[in-house]
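Remarks on the structure that follows.
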């Protein structure tokens, strides 16, 4: 069974620019969630 955290982790790993953006506080988790909704 997939957990939400594992799905988010896989999504971030598949798009390395997101990890960089999160760590530099360019985007936050709410913004990331909005990006992920269509997918």
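Residue numbers (the working numbering): 27 to 65.
We put the CB at the ideal spot given by N, CA and C, even for glycine.
Taken through DSSP and simplified to helix, strand or coil, residue 30 comes out as helix.
Excluding residues up to 5 positions away in sequence, 62 lie with their Cβ nearer than 7 Å to the Cβ of residue 37 in the same chain.
Contact between residue 44 and residue 58 is confirmed by a C-beta separation of about 7 Å, below the 8 Å threshold. Counting along the chain, residue 61 sits inside the alpha helix (DSSP H) bounded by residues 55-62.
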